[in-house]
Structure formats: structure tokens, C-alpha cells
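Asks: The listed protein sequences derive, respectively, from chains A and B. Residue numbering for the first sequence follows my numbering, starting at 1 and increasing by one per position. Residue numbering for the second sequence follows my numbering, starting at 1 and increasing by one per position. Sharing a structure, written as C-alpha cells. Questions coming.
Protein chains: 2
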Amino acid sequence: MKKDHFDIPKGMIYLDGNSLGPLPSKTSERVQKTLHDEWGKMLIKGWNQAGWMQQPSSVGDRVGALIAAPKGTVVLGDTLTIKVYQALASALELNPDRRVILSDSGNFPTDLYIAEGLLKTIDKGHELRIVEPHEISNALNEEVAVLMLTHVDYRSGKMHDMEALTRKAQALGIVVIWDLAHSAGAVPVEIEKSNAEFAVGCTYKYLNGGPGAPAFIYVRADILEQVQPALSGWLGHNSPFAFEQKYRPGAGIERMRVGTPPIIQLAALDAALDIWDSVNMRDIREKSIVLSELFIREVEKCCSQLTLASPRNPEQRGSQVSFEFEEGYAVIQALIARDVIGDFRAPNIMRFGFTPLYLDEVDVLAAVHVLEDIMTNRTWDASEFKTRAVVT
Amino acid sequence: MKKDHFDIPKGMIYLDGNSLGPLPSKTSERVQKTLHDEWGKMLIKGWNQAGWMQQPSSVGDRVGALIAAPKGTVVLGDTLTIKVYQALASALELNPDRRVILSDSGNFPTDLYIAEGLLKTIDKGHELRIVEPHEISNALNEEVAVLMLTHVDYRSGKMHDMEALTRKAQALGIVVIWDLAHSAGAVPVEIEKSNAEFAVGCTYKYLNGGPGAPAFIYVRADILEQVQPALSGWLGHNSPFAFEQKYRPGAGIERMRVGTPPIIQLAALDAALDIWDSVNMRDIREKSIVLSELFIREVEKCCSQLTLASPRNPEQRGSQVSFEFEEGYAVIQALIARDVIGDFRAPNIMRFGFTPLYLDEVDVLAAVHVLEDIMTNRTWDASEFKTRAVVT
């Protein structure tokens, strides 16, 4: 749909936009502008003259538009891990009499790790309760303070029913956090309509913000003024430049800012977001399903050794397809060697992301063709050691 | 000393490198390489092939060298505010039976705010005790768990005696954190020799890493394995790509990593650090004192309305000079309008940074000449409203 908006190496079929999106063609020019015309020429004045100081919110609103969040409810900064910490600490404060955080084994580990660390710091006998994804609904009860889930499972691509789970959880007095890492730019999300209190996500996957692009946090508008930030940094202060000794939370979503924003990364992200001005998320979703269905059908036709690890029903899948195979790591390496880029997740998951912005049916068929050749002729190195994989 | 290594606009005298360093000439080329040759060509493979995954430590070691930290004790990431949180949470854990954090009114507010937020989360009756800078030594006692100070006061430029205070504090069983925001690249720091347990700092001031460049944290080598990170993110896990459900801290300083590192900002910082390969911190310091002394002498000669707010003894000053003046904000605006860039800190502090990498005596005299003209002819707009200043 927008293939010419990206600089993808000739011959490469990139099925890993669910991990790191490719370089948009206009990113470089925009970053150069920030380096030379802003930092280089304005120096310290760039904070005001170039609008740097407002970018976490102004670019945040652009990300917010992609998840149907109203203006003033999304802010950028830090990493997704930090944003999970902020959301979780604030969510627990909204439910001070309960002691359980409920999550599932399909949540990305950093969300679970950060919960573990926060609970150790709080040290009030909370429990992080981790159940299987399909058990979540039944595990909701009045012990639970916070439900914290990743919307689309990073391994299987299975998508939770955001609205239904949020509704059930809130009816039981549970505060809800959605991690949209694999959703923003991948599937239509209506975060305000879901009524969830918090959402977080990253911008280097489907939003193509570049390696280490800043994360985002959403807070439901009506609770913004109640939220007391745990990471009370100076740029989340009501008047950062008054240099007061006591912290006073900033207005609205501004309070979820922490430290000095990463202006060069923000420039790259802002450029990448331009692409979304002329596409419709529903078209993206429709096309993503077409590509994923084609991939599943063709792979199952040619490669019976592989077992589908994603839901067969496209309505229950994000924008990725996973297959299980014992020697999946080695097969992924063989694919990469032939310029078909997917990735591997322990213990046996081969992941393929389908991003209609820069992929079409021809790419999907070409990728399957290579995979078929590898599987048929067993041209992978089964001795390939499962060393470090690549970033989620 | 290295003026040709920076792209400073012609005619500008930049005395604000203590807030945001200027653009090094080679930054742009290096960032382009990361965008095109790494992200653009390698895409997800960049994490391994381009060494992105190691950069928080490998570039961290380069920053460490500038504060005399041994390899493997400094890591980059996040913002200074987050790094303060990490250091403080870990420091408190090392001293679980005490309940006071001691700091001073010269500490940068974000350090105080983040302590306030952390203590609220911990909720065990800790006290954040803030005294005047000169009272710190006498305020050290066996109630104090952690001494947390900024080495060089962001307003006055007054420098604490790092070694003496650390020695006295540690003799009383106090864990010590130094914030080196205004020290790294400005004055010689021997962090290992100081014996302090923790240090943190930023890289966008004297290290010229660019707006929003990542922060650093140092942990003394012998306690690294004891430190249990409060912000237990997946990239601080022992085996991030095993995707385990439970957090296990990474080896050594790696555990102080949190989330996905900002690769584009790291590229800019890495380029800026090249400049330091061929300069000696003691030469920088010597020259910085020459420039600061010249500035003070000339300003006091021409502008009797201004009162020195920095220590007169250069040994007690960082690499900045501050003057007090009631209408300081307006005078700074008048200076900026004439391309002499200093900054203002409420209520009445005019700040000027002296960075020998790109400033010499001619610049200092030219700056004083403009200041003298403004003060003599009163060509500032006293009605100028004290709105937002620029970033520290």
C-alpha cells in the first residue's frame, strides 16, 4: 500500500515488522533537519523554538489517533518497560485495598518482571498471579486489583477480546491496563471506547519509529487528575522551570512525563507517523488478514512439518502468524540467509509479521516459496545452536 | 581546543554547554550511518550485526573512562531521572534499617522529586531531609541511610568535596550517590577512587550527546552483584531472550539496563565521545578555570550591578559561573538576542558555562563586551515576563 514510503533492501522480504519496523524513506531527511536546523542552529533555544518541549505530547497525540484516544491522553517517552511501571504503580494506587495483579503467561516477560520489581518495592504482600491466556476470564474476581495484559500475544499472535475482558473486569472493580506493543498500527484499537484506565505501547514495531523509539502511555481522561505518578520526574511537574523543591503533578497526561525527552528519536518517529496520515487502520487490517490467510494456506499446503501456533480464526489474531517446529530456530536462520526475514521465539516458535504498508501477495508467495524449498530439501543446519535471538 | 570539531553558528558565543552541548561536526554522518547502513540495511539484524544490543555497555565504558570508572561499571539508558530512581532504590535496599535520605537544596529538583515519589511507593516512614549545601557535612549521622547529592550545583556552580563527604558519610555507614550531571566532561572526577557506591549523570551537557541523549549509571564494582534492580526490565535480565517468567538480574552492570536502548541517540552520543579520545580532562579543567577567572574579572570590572553567585575560589567551582541580578531574566534575553547564549535560573541567577572544547579567551572577552554594552546602556526590556526558561 505504501511500499515506496520505505527503504527496504532490494530482494529482502521483511516479515519482522512486528519486531522492528523498516526505515521510512523520509526519516533521514527529518532527522537531519532536527540535527542541523534545530540542534545545530538553535542549540538550547530548540527546546522552545523547535517545539521540542511539547513533542512528547504533540507527537503523542499522533500516536493516540491510531488507537482512537482523545487528544491529551497519550504521551511519549522512556521505554515500554518504564511505561508499564508507571501504569501499574498508578493502577495499584487506584485499588489500594486489593492485593492481586492478574496477568497471563502470554504477556511479554518485561511486563511480568517489572510487576515483580514493583511489588518488591511496595512490599505489602501483593501477589502477581499468572494464569494461561484462556483462563483469564475465569480468574477475574474481587481479589484482583489490576488486570494487566498484552492485547496481542507476542508468541502466538492470539488477541484478547479487549472490550469484553475490560467490561467484565471493571464490573468486578478491577483496574485494567492493556499493553498495545503488538497492536498499535497492527489492528484497530479503540482504547477510549474500551473504557480501560491505562494503556501502554511501543512505537518501533508497526509504527516504524526506529530502534529504541520512545514508548507511549495512555490514561483515561476522567482519571487523569487522580493519578499520582510513582516516577515523579521534573518534566512531569506542574511547573518544571520553577524549580520548586516539592513535586506537584503536571496537568493531565503531562504528569506521566519523566525526564528529558529523546528529541532525535522523536524526530524519527514523527517522520514515520506521516505515513499514517493517508491510510485507514481498517484497510490495513483487512489487507493484513488477506496476507496472513494466504500465508497460512500456502504454508500448510507445502510444509506439513509446521504446525500453526496462531489462532485459525483471523478475528482472534493480531497481525502476525506463528508456526511451531522443533528445529524452528535453524529454519529461521536458513530463511534469513535467503533474505526472508522472520524471527524465532523460544522454545519452538517461528514468527512472521504481516504489515500491509510494505508487503503484498507477491511477497507472501515468494516467502512461502523459499520456505518450501528449505523444508523440502532440508537445507537448514540442524546443529545451529539456539543462541541469542533478536529483539521482540 | 577542538573548536573545529563542532558546528556552532557563525557569530554565536555559546555559554550554555552546561545545559545542552552543541552539535559535533561528525554527529550527522554517524547518525546517517546508523539510519542507512544499520537500520535501513540490516533491519532487525542490526541488534546483533551492528552491535546495538551491546551499546549501552560499550558506549557506557567510554563515558566511564571520563569519570575514571573501571570497565563494566557504567551503563547507558533512559533519562537521568530514571537512573536516580534506580540508584536510590538500590541504595535504600543496602541500608534497610535506616529511614533518612539526606540531600541539599542545591540538588537538581528532579532528584528530589524522584526521591519523594519513591518514598511514597515504599511507604515505610522514610524522610527526605533537605538541608542547605553548607550544612551537609554536619547533617551526616547514623540516622541517614543514603546521601544523595549533585556534585556541582546547577545554579551556583558550587562543587561539593566528593572524596571528603563520601569518606565521612561511609564512616557513618551511609550509602552515597553522586549526581554528575554538571561534572562529567566538565571537571575531573575519579568516581572509583571516591569509593561512592553509585553515580548517575547525563550526556547532553558537557558530553554533547544531543537533546535527550541517554543517561548513565555507575555502580561500584564490588557491590554490583548485591544490587537488586527496582526497575527490573527485560534487558536487565540475565537471559532476556530466554523469555523466562521470573526476573533474574543480569551479570554486573547489565542489570541496571531496563528496556530497549535508544539506538539513534546512542549513535549521536558515540560520535560526540570521539572528541574526548584526544583531550585530557586535566587540560580541559585548567583551561576552564582560565576562562572562568577571566570572565569573572572582566564582568566585575564592567558591570557592578551583578553579584557573583558562584564560589570565588575556582577549586570550589564547576565549569560554570553564575551572577545574581534582579532583572537577570531580561538581561539574559537581551544577550541571547545578540547571540551570546547564557541562561537563567529562577529567581535571579544568570548562568554562563565555560567549555574549553569550543570556547577561548576571545569568545569570553567578546561576550563580556556585549554584556557590558547591555548593562551600561540598559538595553534590556525590564518588562520581559519571566516565562519558561530553557532546560537545565
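Yeah, the Cβ is synthetic: ideal placement off N, Cα and C, and Gly gets one too.
Taking the beta strand (DSSP E) that residue 320 (chain B) belongs to, which residues open and close that run?
Replies: Where residue 320 (chain B) is concerned, the enclosing beta strand (DSSP E) stretches over 320-324.
Asks: Take residue 249 (chain B) and list the residues in its own chain whose beta-carbon comes closer than 7 Å to its own, dropping the five residues that flank it on each side.
Replies: Answer for residue 249 (chain B): 228, 229, 236, 238, 255, listed in chain order.
Asks: Using a Cβ-Cβ distance under 8 Å, would residue 52 (chain A) count as near chain B?
Replies: Residue 52 (chain A) counts as touching chain B.
Asks: I'd like to know whether the C-beta of residue 73 (chain A) is nearer than 8 Å to at least one C-beta of chain B.
Replies: No, residue 73 (chain A) lies away from the interface with chain B (no Cβ there is under 8 Å from its Cβ).
Asks: In the DSSP assignment, find the unbroken alpha helix (DSSP H) run with residue 366 (chain A) in it and report its ends.
Replies: Unbroken alpha helix (DSSP H) run through residue 366 (chain A): 361-377.
Asks: Buried or exposed, going by whether 16 or more other CB atoms sit within 10 Å of the CB of residue 172 (chain B)?
Replies: Looking at its Cβ environment, which holds fewer than 16 other Cβ atoms inside 10 Å, residue 172 (chain B) is exposed.
Asks: I'd like to know if the segment 129-149 of chain B and the segment 71-91 of chain B are in contact, where contact means that at least 3 CB-CB pairs between them fall below 8 Å.
Replies: Yes: at least three Cβ pairs fall under 8 Å.
Asks: Check for me: the beta strand (DSSP E) holding residue 343 (chain A) runs from which residue to which?
Replies: 343-345 is the extent of the beta strand (DSSP E) around residue 343 (chain A).
Asks: To the nearest whole angstrom, what separates the beta carbons of residue 44 (chain B) and residue 319 (chain A), a pair I think is in contact under 8 Å?
Replies: Not a contact, Cβ separation roughly 16 Å.
Asks: Sorry if obvious, but does the Cβ on residue 280 (chain B) come closer than 7 Å to a heavy atom of the ligand PLP?
Replies: The model depicted lacks the ligand PLP and carries no ligand whatsoever.
Asks: Find out if the Cβ-Cβ distance for the pair residue 260 (chain A), residue 14 (chain B) is shorter than 8 Å.
Replies: Not a contact, by the Cβ cut-off of 8 Å.
Asks: Quick one: grab the DSSP three-state call for residue 1 (chain A).
Replies: Residue 1 (chain A) falls in the coil class under three-state DSSP.
Asks: Considering only C-alpha positions, which residue in the set A:153, A:124, A:335, A:95 is nearest to residue 104 (chain A)?
Replies: Here the closest residue by C-alpha is A:153.
Asks: Give a yes or no on whether the minimum CB-CB distance between residue 355 (chain B) and chain A is below 8 Å.
Replies: Not closer than 8 Å to any Cβ of chain A, the Cβ of residue 355 (chain B) fails to qualify, so no.
Asks: Should the segment 343-352 of chain B be called in touch with the segment 184-194 of chain B, which here means at least 3 C-beta pairs below 8 Å?
Replies: Taking 8 Å as the limit for Cβ pairs, the verdict is that the segment 184-194 of chain B does not touch the segment 343-352 of chain B.
Asks: Suppose the cutoff is 6 Å on Cβ atoms and the five residues either side in sequence are ignored; what does the same chain contact list for residue 354 (chain A) look like?
Replies: Excluding sequence neighbours, residue 354 (chain A) sits near 288, 291, 292, 319.
Asks: Between which two residues does the alpha helix (DSSP H) carrying residue 299 (chain B) extend?
Replies: Looking at the DSSP string, the run of the alpha helix (DSSP H) that includes residue 299 (chain B) is 281-302.
Asks: Taking buried to mean at least 16 other C-beta atoms within 10 Å of its own C-beta, is residue 382 (chain A) buried or exposed?
Replies: It is exposed - the Cβ of residue 382 (chain A) has fewer than 16 other Cβ atoms within 10 Å.
Asks: Using a C-beta cutoff of 8 Å, does residue 260 (chain A) count as contacting chain B?
Replies: It does; some Cβ of chain B falls within 8 Å.
Asks: Would you mind giving the Cβ-Cβ distance between residue 2 (chain A) and residue 279 (chain A), rounded to the nearest angstrom? I have them listed as a contact below 8 Å.
Replies: Indeed, because the Cβ distance is near 7 Å, the residues count as touching under 8 Å.
Asks: Does residue 10 (chain B) come within less than 8 Å of chain A when only Cβ atoms are used?
Replies: Closer than 8 Å: no.
Asks: Got a sec? Which residues, its chain only, sit under 7 Å from residue 211 (chain B) by beta carbon, not counting five neighbours each side?
Replies: Correct list, in chain order: 20, 204.
Asks: Does the Cβ of residue 304 (chain A) have 16 or more other Cβ atoms within 10 Å, making it buried, or fewer, making it exposed?
Replies: Exposed, since its Cβ has fewer than 16 Cβ neighbours within 10 Å.
Asks: Is the Cβ of residue 41 (chain B) closer than 8 Å to any Cβ of chain A?
Replies: Taking Cβ atoms only, chain A reaches closer than 8 Å to residue 41 (chain B), which makes this a yes.
Asks: Answer with yes or no whether the minimum CB distance from residue 31 (chain A) to chain B is below 8 Å.
Replies: Yes, because at least one Cβ of chain B sits closer than 8 Å to the Cβ of residue 31 (chain A).
Asks: Can you check whether the CB of residue 308 (chain A) is closer than 8 Å to the CB of residue 323 (chain A)?
Replies: It is a contact, given that the beta carbons lie within the stated cut-off.
Asks: Measuring straight from C-alpha to C-alpha, what distance separates residue 69 (chain A) and residue 139 (chain B)?
Replies: So the two alpha carbons sit approximately 49 Å from each other.
Asks: For residue 58 (chain A), report the span of its beta strand (DSSP E) as first-last.
Replies: Counting along the chain, residue 58 (chain A) falls outside any beta strand (DSSP E), though it belongs to the alpha helix (DSSP H) covering 55-65.
Asks: Provide the residue span of the alpha helix (DSSP H) that contains residue 274 (chain B), from first to last.
Replies: Segment 263-274, the alpha helix (DSSP H) holding residue 274 (chain B).
Asks: When the cut-off is 8 Å and only beta carbons count, does residue 389 (chain B) lie next to chain A?
Replies: In this predicted model, residue 389 (chain B) has a pLDDT of only 48, less than 50, meaning its place in the structure is not dependable enough to derive any value.
Asks: Measure the C-alpha to C-alpha separation of residue 387 (chain A) and residue 96 (chain B) and round it to an integer number of angstroms.
Replies: Residue placement at residue 387 (chain A) cannot be trusted, given a pLDDT of 48 that sits under 50; what the coordinates show is reported in the next sentence. Going from the Cα of residue 387 (chain A) to the Cα of residue 96 (chain B) covers about 39 Å.
Asks: For residue 177 (chain B), does the three-state DSSP call read helix, strand or coil?
Replies: Here residue 177 (chain B) sits in strand by DSSP.
Asks: Hey, would you say residue 439 (chain B) sits closer than 8 Å to residue 268 (chain B), going by beta carbons?
Replies: Residue 439 (chain B) lies beyond the stretch modelled for chain B, which goes from 1 to 392, so this question has no answer here.
Asks: Taking Cβ positions, are residue 168 (chain A) and residue 133 (chain A) nearer each other than 8 Å?
Replies: No, Cβ-Cβ distance for residue 168 (chain A) and residue 133 (chain A) is not below 8 Å.
Asks: Counting only C-beta atoms, is residue 96 (chain B) closer than 8 Å to chain A at any point?
Replies: With 8 Å as the cut-off, residue 96 (chain B) does not count as an interface residue toward chain A.
Asks: When you compare the CB of residue 308 (chain A) with every CB in chain B, is at least one pair closer than 8 Å?
Replies: It does not: the Cβ of residue 308 (chain A) has no partner Cβ on chain B nearer than 8 Å.
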